[in-house]
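In order, the protein sequence lines correspond to chains D and V. Residues in the first sequence are numbered consecutively from 364, following this note's numbering. Residues in the second sequence are numbered consecutively from 3, following this note's numbering.
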Amino acid sequence: MGSVASYFGQLCGGEEKKEEERHLRANDRPFNLSYNYANNAIKTSKYNIFSFLPCNLFEQFRRLANAYFLFLMLLQLIPQVSSLSWFTTAVPLILVLSMTAVKDASDDINRHKSDNQVNNRIVNVLIDGELRKEKWKNVQVGDIIKLENNQFVTADLLLLSSSEPLNLCVCVCVCVSCTADANLSLSGEVRCEPPNNRLDKFKGTLTLDGQTYSLDNDKVLLRGCTLRNTEWCFGVVVFGGPDTKLMQNSGKTTFKRTSIDHLMNVLVLCIFGFLASMCTVLAIGNGIWEVREGSVFTVFLPRDEGVNAALSSFLSFWSYVIILNTVVPISLYVSVEIIRLGNSFYIDWDRKMYYPKNDTPAQARTTTLNEELGQIKYIFSDKTGTLTQNIMTFNRCSINGKAYGEQLCLYKNYGKTERVDFSWNRLADPKFMFHDYSLVETVREGNLEAQAFFRLLALCHTVMPEEKKEGELYYQAQSPDEGALVTAARNFGFVFRSRTPETITAVEMDRSVTYELLAVLDFNNVRKRMSVIVRSPEGKVTLFCKGADTIIFERLHPSCNKLKEITIGHLNEYAGDGLRTLALAYKDLDERYLEDWKQRHHEASTAMEGREERLDELYEEIEKDLLLLGATAVEDKLQDGVPQTIEQLAKADIKIWVLTGDKQETAENIGYSCNMLREEMRDIFVVAANTAEGVKEELQNARRKMCPDSVDEPSVIKARAGLFWLQRTETVQDEKVDGDYGLVINGHSLAFALEKNLQMELLRTACMCQTVICCRVTPLQKAQVVQLVKKYKQAVTLAIGDGANDVSMIKAAHIGVGISGQEGMQAVLSSDYSFAQFRYLQRLLLVHGRWSYLRMCKFLRYFFYKNFTFTFVHFWYAFFCGFSAQTVYDEWFITLYNLVYTALPVLGLSLFDQDVNDRWSFQYPQLYTPGQLNLYFSKKAFVRCMLHSCYSSLILFFIPWAAIYDTVRDDGKDIADYQSFALLAQTCLLVVMNVQLCLDTDYWTAVNQFFVWGSLAAYFAVTFTMYSNGMFLIFTSSFPFIGTARNSLNQPNVWLTIFLTSLLCILPVVAFRFILIQLRPTINDKVRHKVRKEALPAPTPRRPPARRISTRRSGYAFSHSQGYGDLVTSRKFLQRLPLWSRQAPFTQTDSPLAQNQPQHYRTIAEEPEESQSP
Amino acid sequence: MGRTKKMVKEELANRPDNTAFTQQRLPAWQPMLSAGIVIPGFVIIGLAFIGIGVALFVTSQSIQLLELDYTGVEQTSPCFKCSDPNAKNCMCELTFSTDTLFKGPVFFYYGLSNYFQNYRSYGVSKDDDQLSGNLDNFKSPSDTCAPYEYDRNNKPFVPCGAVANSLFNDTFKLYQIVNGAKKVVPLDGKGISWWTDYNIKYRNPAVTPLKNAFNGTVKPLYWSKPAYELDPSDPANNGFINQDFLVWMRRAALPDFRKLYRRITDGDYAEGLPAGNYSLQIAYNYPVLSFEGRKKVVFSNVSWMGGKNEFLGIAYLVIGSLCVVMSVVMLIVYAKFKFPEEE
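Dropping the structure here:
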């Protein structure tokens, strides 16, 4: 048996031998082929035509439920044991197997198709010194291929050369030998690591002409990417097909399961145990009966030879295993899958989660997690691109004490004022928007301060211009803030046009002016400002400085005091709106002083020791007595509806943690602007210590402040869970806190806090706070935070993000959500759900998630109830039939009960039911909380189901029993016979099940009605058909119940019994529920009660956002930590490509939209990679 | 115009359809368990139940029933002598009297208790194909008939199986004692089985005379006569469509059961059994004492709701009253605890 299994395992899976090191020669096929490396053909499909049936069946029978039913079927073939005909198990099993097989087959056909499509893509391969078109699947390891712009990367390539000159310092040496397209011949030898799934690592060496070069991750192009912004490039194939990092990754995704899944597995196990104990009871009963009654009843029923009471009891155990098998629901898994699939489709179909701007509908990429969406307790969100659009807009400014710009309205009601028309400026950026005409007029009138203001913005920055066509300017800015400011200056007539290391050329009000760039006093995190010193054509030397207001204000000339006061007022207002501000100042310099200063600067910058300090001192010296020009306010544009969404989710008792790679100020600022941090919070703790002790102390202090009597040791509930209770779980209890607090923790501290001895401290403190913001977080830390909460809170987590750095957390969380249509696709590809806007999250959770959870729980409760009740009746009957494993119902009824008679109504329930509609769901986000607490389906609910079933089955057996006891038809003939009793019992059962379903249904659509009535009608139709003369005459031995329906269903007392049984099952439930609603109404009951009174929820009064004036000004408009002044003044940039966006040409985006958007900049803080030496 | 429309369409190619189904806005009826429905509902159901209960109970009370145990366990019983398993062809006589007219039509049942006709291996021990007259199954009965498939000489039993083998074989004769003389009460044995059993489910093979069909077979072990000679008085009442056989073959659901033996519908007794003394002559053949079974005869008449069964009437009455009580309880709860309207 074992060997058979392993044989199948090999047939269907397959193992490969391990590779130690990869060794290949470029362009040397015979050499490379000798290693038998996989070529570039991929195979994601599992089956072929011949292997499908055996492999698929093998796969399916590896599922416990299916294997169990196969075992049952075999059991039924033993005549001594068989209490039911084989078809009662075979028909459902075959149906379930074939449904799954059809689904698997269609999936596999799709995979075959996509494999074929991918394998037959064409790529240029260098063979024998010329480029030939080859199919992807024929590409071999070691081939050199040429990729063109927008082509998919064929395999994992070692990049040799590309059209972008400086782009690749990669293999300059190689480039020398392959400058042109043609006649390339190369004999490099590559040794590198064997195929693995780490996307961020690559180690290898290249030997060329006797020289060895080391290769790392920067020098490979991975399959799955697309070549962008690069006309062509050459690469040598290192890993092909199945060995590529993409393929190595795709197979090993961990399969996410919902908590209901886990619970279901446990329950099924419990049910097995329960089944065994029921069968044991009945087997013992059979033993006793055999001794007391059976042994003397042998006159009419002689025993089989050699069967004594003990053996008979043993046999009856197995017979009852067969009969009572319906407690283990075979169709449960199939039904659950169908329900989840249906509810996933609703997500795909939802127009309210469709984003028309880039034509992106929401997508449920995983169809097995729906109900978990209704149980989310923690959301971990990325910031950039998720909460914000990653678009900076120049929004307001204060020039010389006068404020310009529309007062920011958080609800984006820009309709009121007209967009300023910039058509007078032919170099203006058409996408720029501004809403205060007076500023344009001021500038055009020739207001000197205003002109100086924009001149400063046009000159003081490290932006790179790009002008591919005359008048079409593109700015490549290191931070989007800078880009926004320079663009603003451009539109107001001060166009930054080009730069050389020594000059900056700007077009000032249609007049081209070239400034001499004398020095760049670069930005860094400590200085929080940057300055440039320029000489105008007139010879005037000016220092322009922009920086954080506090810093600038310290360095102002006393004459600016009054202006400073006014400007501070404006700045407070801007900060209150969550804008990122900068103060601008200038200073005219004396030529002689400058000469002196430059001399010292030169000395300092070439000094071997203390260079930094000396430079800082010099900068400090010159940046003083500045004259204030004004202030800018840049809006880090939130996505639409973010504050409202966060407010709604908070009302639903979901905690939101922001995990961002941004610096602390930016993150805090966003925290304020999207309402997560609020002025009225009691306190906002900032943990920014640099030692483990410091972090611990800060965390503890914060905790004590929130809850003075909190004990040192967390209260941990230890429990066991999972299959066989093998899993140990520890749950940290929530601690009660009065008032709202916020916690901000930076990356350094987080690294300490995530260590084993501090993580509990972190978790406790963080969970006491309303809002947690972690900044400067690495992707790995993001995942660790998620893991921490998952592990010790036993709560359902959701991670939402848009970029590659969110992938780890998306995979770690129970549910990963990707924001689609924005940046790369990595986040979406590894997510379970994707949509275009953060605000759709509330619909996903509060509507779809809640409904899915509600439906799934209703379904499970009803399903278990239905099957238990069905089965328990057999149990009671056992006491009246000598424990002989006599079924109560007709065998056909047993076969069709789950498949036909009760399948559709419950599906209707679980696909259409809703307690209140979506608008009310939004109106009362509190409706979400039962899901978080697992209220609708848990072990307790399961036990309640069983007790309810027990009651119902008692009624369903004993009422018909008492009603037909010793009775006869109205013509004196028999009606207390077995067949009539079976018919009566099964009819009662089916009626009760349908009525119970009606009672559970809150939302009666026409489909539900049709299913319920249809099922009842089908039952009677099928029953009368099967009990008809015709069926008996054709299949005599299969339909022995002939005539039973006709003979008993025309009796009034039969119908009175059915009526009585149904009402007796239902009425107590109705009364119980009614009283429960009165005594302990749930939130659902209250809302539903309200719904009855008011057809539609009163529209929420749109509260205008409270104006805030804030002195807190953390977000100054530099989102980077280190400037690139050096670069600007060096000659390197002349080679056109910005070094900092090294990865930019290879974005993994398939959306053409990405190109229309303003440039994105991300700083992906990666783990420091160990440098490797060859 | 058309072009812009088309362009818009193309741009929004992925927009989901706006149908009530996909947007989950299907029109629906959303009933609730509100006090206005539940409490009056309970009252109405309660009253209706009481009404039905009274009707059922009164009807049931009006049904006359007479039960006579003739197992012969007690020494005083006239059938005590027959209870000895060695007694052969034992006859005993039971007397009883009625004070009032036992209204007709009177049905005459025999009843067995502690008899497990619903035991699984007993119940499956028959061959439906054979019983529907399939001659192939005469020669080789289905193996479900075990252990009554073949006799020791490997000849097939027809009808095979435990159910047929255990056919009830006590016979009864009823006399009214008029002035000390026995007057036979005619018993009608026709049409006591289900129409479908008689006409469809059980059929004799189309062989005349019927006896020939049974060539090469043996009668069931406990039978005194072969199937084709079950009723010598009526040739049509033989084989598998013998009424007593049919009644027996419809096996009971519970271990205590009664089966229709005869109807009293003819002659002087069409109106019922007049008050007086009666004597029941029993040919005591069927052994039940070995498994502590009991045998009885039952005389009963029927109503629209069938035979006498007080359970339904009482159950309806009790549940109806409970409903009314419950509605009062719910009313009190509702009045007192009605959940507050505010948020």
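All C-beta atoms, glycine included, are put in the ideal place defined by N, C-alpha and C. Since the model is a prediction, treat every value here as computed from it, not as a measurement.
query	result
Might you give, ordered along the chain, the residues of its own chain that have their beta carbon closer than 8 Å to the beta carbon of G768 (chain D), omitting 5 neighbours on each side?	N758, R759, C760, F797, H798, D799, L802 and A996
For A1176 (chain D), collect the residues of the same chain with a Cβ closer than 7 Å to its Cβ; drop the 5 residues on either side in sequence, then sort them by chain order.	F743, V1149, T1160, L1161 and A1162
Determine the direct distance from the alpha carbon of L35 (chain V) to that of L1430 (chain D), and round the result to whole angstroms.	12 Å
How big is the Cα-Cα spacing for K141 (chain V) and F118 (chain V)?	29 Å
For S676 (chain D), is the classification buried or exposed, using 16 other Cβ atoms within 10 angstroms of its Cβ as the cut-off for buried?	buried
Around the Cβ of R265 (chain V), are there at least 16 other Cβ atoms within 10 angstroms (buried) or fewer (exposed)?	buried
Exposed or buried, S62 (chain V), counting other C-beta atoms within 10 Å across all chains shown (16 or more means buried)?	buried
Using beta carbons (cut-off 7 Å, strictly below), is Y717 (chain D) in contact with chain V?	yes
If you follow the alpha helix (DSSP H) that V1375 (chain D) is in, where does it begin and where does it stop?	A1369 to M1389
F1398 (chain D): buried (16+ other C-beta within 10 angstroms of its C-beta) or exposed?	exposed
Would you list, in chain order, the members of the region 841-855 of chain D that have their beta-carbon closer than 8 Å to a beta-carbon of chain V?	none
Hey, Y1390 (chain D) and F1374 (chain D): beta-carbon distance below 7 Å or not?	no
Do S1073 (chain D) and T723 (chain D) have their beta-carbon atoms positioned less than 7 Å apart in this structure?	no
Taking 7 Å as the CB-CB limit, is T1512 (chain D) close to chain V?	With a pLDDT of 33 at T1512 (chain D), under the threshold of 50, the predicted position of this residue should be treated as unreliable, and no value is reported.
Does the beta carbon of P18 (chain V) come closer than 7 Å to any beta carbon on chain D?	yes
Are V897 (chain D) and L945 (chain D) touching if we call contact CB-CB under 7 Å?	no
Excluding sequence positions up to five away, which residues of its chain have a Cβ less than 6 Å from the Cβ of D544 (chain D)?	Any reading at D544 (chain D) must be qualified, since the residue scores a pLDDT of 36, below 50, and its modelled position is unreliable; no value is offered.
Give every residue of the same chain whose Cβ lies closer than 6 Å to the Cβ of I37 (chain V), excluding the five residues on either side of it in the sequence, and list them in chain order.	The amino acid occupying residue 37 (chain V) in the given sequence is Ala; Ile does not appear at that position. So the qualifying residues of the chain are Y336.
Alpha carbon to alpha carbon, how far is N91 (chain V) from N287 (chain V)? Give it in angstroms, no decimals.	7 Å
Let me confirm a value: W31 (chain V) is counted as buried when at least 16 other C-beta atoms fall within 10 Å, else exposed. Which label applies?	exposed
Answer yes or no: does any C-beta atom of chain V fall closer than 7 Å to that of L1117 (chain D)?	no
Which two residues bound the contiguous beta strand (DSSP E) that contains C596 (chain D)?	W595 to F602
If the cut is a Cβ gap below 7 Å, which residues of chain V does F1395 (chain D) touch?	I202 and K203
Looking at the structure shown, is L58 (chain V) part of a helix, part of a strand, or coil, going by DSSP?	helix
Apply the 10 Å Cβ neighbour rule to F1222 (chain D) and answer buried if 16 or more other Cβ atoms are within range, or exposed otherwise.	buried
Are the region 295-302 of chain V and the region 118-138 of chain V in contact at 8 Å, needing three or more beta carbon pairs?	no
Give me the subset of the region 270-289 of chain V whose CB atoms are less than 9 Å from a CB atom of chain D, sorted by chain position.	P289
When you compare each of D:N411, D:N419 and D:T517 to L402 (chain D) by their alpha carbons, which one comes out closest?	Inspection of the sequence shows that residue 402 (chain D) is occupied by Asn rather than by Leu. Among D:N411, D:N419 and D:T517, the Cα nearest to that of N402 (chain D) is on D:T517.
I'd like to know whether the C-beta atoms of Q283 (chain V) and E95 (chain V) end up nearer to each other than 7 Å.	yes
Return the residues of the region 300-322 of chain V that lie within a Cβ-Cβ distance of less than 8 Å from chain D, sorted by chain order.	S302, V304, S305, W306, M307, G308, G309, K310, N311, F313, L314, A317, Y318 and I321
From V:C325, V:G241, V:D190 and V:L256, pick the residue whose C-alpha is nearest to that of V209 (chain V); which is it?	V:G241
Can you give the Cα-Cα distance for V1263 (chain D) and G648 (chain D), rounded to whole angstroms?	33 Å
Are L584 (chain D) and G567 (chain D) closer than 7 Å when you measure CB to CB?	no
Between the beta-carbon of P1006 (chain D) and the beta-carbon of N1032 (chain D), is there less than 7 Å?	no
Nearest to M893 (chain D) by alpha carbon, out of D:S875, D:Y949 and D:L942?	D:Y949
Closer than 8 Å is the cut-off here; do at least three beta carbon pairs connect the region 840-856 of chain D with the region 965-977 of chain D?	no
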